[in-house]
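Working notes, structure below.
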Amino acid sequence: MSTNRSSKSTGVYGTGISRREAVRRGLVGTAGLLLTERLMPGALAAVTQPVAKTASSGKVKAKSVIQIFLWGGMSHNDTWDPKPDAGYEYTGALKAAIPTKVDGIQLGELFPELAKQADKYSLIRSMTHRNFGHETAAYLMQTGHTPGERLAYPSLGAVFSLFKSDTYKGIIPPFVVLTQPAGRFSEAGFLPSKYKPFATGGDPNAARFEVEGVVAKGITDERQKARQKYLHEMNTFGNAMANNPQIAASDDAEKQAYKLILGEGKEVFDLNKEKPELRDKFGRNTFGQECLMARRLVEVGVPYIVINYPAGWDTHKDHFQTMRRQCPQLDQGLAMLLQDLSDHGLLESTLVWCSGEFGRTPKVDWQPPWNGGRGHYGNVFTVLVAGGGFKGGHVVGSSDAKAEEPKDRPVYPVDFLGSIYTLAGIDTNALLPHPLGLEARVLPIGEEGVKSNGLLKEIM
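Residue numbers (the numbering used here): 987 to 1446.
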């Protein structure tokens, strides 16, 4: 997943000339090469490797998507599907359920801010896939394809990057991860490297958000401009070969890079442009500022944004202590994100979804060494969805009395992801460009062995 990996370089600038050799000969400026590699992976290779066109269809309601992924798997019955009457073996120390702005919908006691925003989102309380492995469940929830098949399919973000390439013309890459890649699987799958996500690195809660390849530590704008000028003066070979199409492509890449580090890109990633009072409302912590950063990326049209919340949700031990520490941050940041998107008139066109790869065991494990922990659980869990064509104030499906199984309206990954693609105008049956020419579609809907219960039409 990391955008820092080096790809094979032979043939990028012509037969037998590697990127390293190109730099030695002065073919490409250092800044242009590095930022092209980091911010637009595969862009130079794509000069000689055209990507196959794919089809999209349907009315576009979701112009951008914000995915908040709770790595490790957040407990569903302690959060968005409370079961206060299940007994202490199941509720542990978090028994209370609180009312929300919408009659009949309750949340766990640690989510008072989301309770105030319940009219803006819906809850899918019958999500299921019965997969208990971190890597395999994460792959399933973000591709819709069964783990272990012969093809490694791309994630939603990579598919969005592919399908929106003809319409999105922004300077920032179309698939952005805040802030660190999780490394559970390759998000681009079999698609070319240009569809990998751009992971920002850095910390948006720091005094200066040092976005990798955009904001360099200890280097001022004046110094960057001086470097660019010096680079052009020294690049005599590149200047002499300016009419060569491959050299021209590298020059364009360099210009794009400098737009990021000195122009529009730098401005977008500068959270100091926001009022301090607003930043306080999101929470002066990494997650809260990631949520604010996500709204700024939506404002400039970035199609797919992922906030990777760290794996602190994998609460085999010290579950209740961890929940009391992390849930208030999730509650504040997510609730404010929904409010802020609404205040900016962006919620209708921005789809937000929040979930882990699965839930956690409804029954608490009190035995040592767990001492009050919850394990992996893919039989049933909850997903929050908002905006982008999804209605607010609804609950889809339900779990049984102890949150152990779906009680009604099971929702499978292909149902959920198919609904997102449909709202974004992406044909779930469209063929993806496979490097070996193999038949591969966006989703396996209709294929034998794939469980499906239909799109989420009740909230679309």
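Note that the Cβ used here is the ideal one computed from N, Cα and C, for glycine as well.
Practice problem: Please state whether DSSP places Asp1394 in a helix, a strand or coil. | Solution: Residue numbering aside, residue 1394 sits at position 408 when the sequence shown is read from its first letter. Three-state result, Asp1394: strand.
Quiz item: What is the rounded straight-line gap between the Cα of Glu1121 and the Cα of Gly1364?
Solution: Position 135 of the sequence shown, counted from the start, is the residue given in the question as residue 1121. Position 378 of the sequence shown, counted from the start, is the residue given in the question as residue 1364. About 13 Å.
Quiz item: Roughly how far, in whole angstroms, is the beta-carbon of Thr1336 from the beta-carbon of Ile1052, given that I think they are within contact range, below 8 Å?
Solution: Taking the first residue of the sequence shown as 1, we reach residue 1336 at position 350. Taking the first residue of the sequence shown as 1, we reach residue 1052 at position 66. Right, the Cβ-Cβ distance comes to about 6 Å (below 8 Å), so this counts as a contact.
Quiz item: By Cβ distance, which residues of its chain are closer than 8 Å to His1420, with the 5 residues on each side in sequence left out?
Solution: Walking along the sequence shown from the start, residue 1420 turns up at place 434. If we look at His1420 and ignore the five residues flanking it on each side, its Cβ neighbours are Leu1137, Phe1176 and Ala1426.
Exercise. Just the C-alpha distance for Met1446 and Gly1411, rounded to the nearest angstrom, thanks.
Key: On the sequence shown, position 460 is the one that residue 1446 refers to. On the sequence shown, position 425 is the one that residue 1411 refers to. Computed Cα separation, rounded: 13 Å.
Quiz item: Taking the alpha helix (DSSP H) that Met1322 falls in, what are its first and last residues?
Solution: Stepping through the sequence shown from its first residue, residue 1322 is reached at position 336. Where Met1322 is concerned, the enclosing alpha helix (DSSP H) stretches over His1305 to Asp1329.
Quiz item: Sorted by chain position, which residues of the same chain lie with C-beta nearer than 7 Å to Asn1357's C-beta, five sequence neighbours on each side aside?
Solution: As a first step, residue 1357 must be located in the sequence shown, where it is residue number 371. Only Lys1303 meet the Cβ criterion.
Practice problem: Evaluate the contact criterion for the region 1260 to 1269 versus the region 1293 to 1310: three or more CB pairs, one atom per stretch, below 8 Å. | Solution: Contact between the region 1260 to 1269 and the region 1293 to 1310 is absent, because fewer than three Cβ pairs lie under 8 Å.
Exercise. Name the residue from Pro1355, Tyr1107 and Glu1075 whose alpha carbon lies nearest to the alpha carbon of Val1088.
Key: Working through the sequence shown from its first residue, we reach residue 1088 at position 102. Closest by alpha carbon: Tyr1107.
Quiz item: Distance, Cα to Cα, Ala1193 vs Val1338?
Solution: As a first step, residue 1193 is located in the sequence shown; it is residue number 207 there, counting from the start. As a first step, residue 1338 is located in the sequence shown; it is residue number 352 there, counting from the start. Their Cα atoms are separated by approximately 27 Å.
Quiz item: Is it a yes or a no for the region 1115 to 1132 touching the region 1325 to 1334, going by three-plus beta-carbon pairs under 8 Å?
Solution: The answer is no - the region 1325 to 1334 does not touch the region 1115 to 1132, with fewer than three Cβ pairs under 8 Å.
Exercise. Say yes only if the C-beta of Ala1072 is nearer than 6 Å to one or more non-hydrogen atoms of the ligand GTP, and no if none qualify.
Key: Questions concerning the ligand GTP fall outside what the structure shown contains, since it holds no ligand whatsoever.
Practice problem: Determine the DSSP secondary structure at Thr1368, reduced to helix, strand or coil. | Solution: Against the sequence shown, residue 1368 aligns to sequence position 382. In this structure, Thr1368 counts as strand in the three-state DSSP scheme.
Quiz prompt | Segment contact flag, the region 1338 to 1353 with the region 1095 to 1105, C-beta cutoff 8 Å, min 3 pairs | solution = no
Quiz prompt | C-alpha distance - Arg1024 paired with Val1288, whole-angstrom precision | solution = Position 38 of the sequence shown, counted from the first residue, corresponds to residue 1024. Position 302 of the sequence shown, counted from the first residue, corresponds to residue 1288. Caution is warranted here: a pLDDT of 44 is assigned to Arg1024, below 50, making its placement in the model unreliable, and the coordinate value is therefore given only provisionally. For Arg1024 and Val1288, the distance between alpha carbons rounds to 17 Å.
Exercise. Count the other CB atoms, across all protein chains shown, that sit within 10 Å of the CB of Leu1424; report buried if there are 16 or more and exposed otherwise.
Key: Here residue 1424 corresponds to residue number 438 of the sequence shown, with the count starting at 1. Exposed, since its Cβ has fewer than 16 Cβ neighbours within 10 Å.
Quiz item: Glu1173: which of Val1292, Leu1096 and Ala1387 sits nearest, CA to CA?
Solution: Translated into positions along the sequence shown, residue 1173 becomes position 187. Checked all of Val1292, Leu1096 and Ala1387; the closest Cα to Glu1173 is Val1292.
Exercise. Would you mind listing the beta strand (DSSP E) stretches within the region 1328 to 1362 that are 3+ residues and don't spill past its ends, in chain order?
Key: 1336 to 1341
Quiz prompt | Beta-bridge pairing of Met1113 - partner residues as DSSP gives them | solution = In the sequence shown, counting from the first residue as 1, residue 1113 sits at position 127. Its beta-bridge partners are Phe1367 and Val1397.
Exercise. Specify, as a first and last residue, the run of the alpha helix (DSSP H) that Gln1166 falls within.
Key: Position 180 of the sequence shown, counting from 1, holds the residue named residue 1166. Where Gln1166 is concerned, there is no enclosing alpha helix (DSSP H), given that its DSSP letter is neither H nor E.
Quiz item: Under 7 Å, do Leu1429 and Val1397 count as touching if we go by C-beta distance?
Solution: In the sequence shown, the residue the question calls residue 1429 occupies position 443. In the sequence shown, the residue the question calls residue 1397 occupies position 411. Not in contact: Leu1429 and Val1397 (Cβ atoms no closer than 7 Å).
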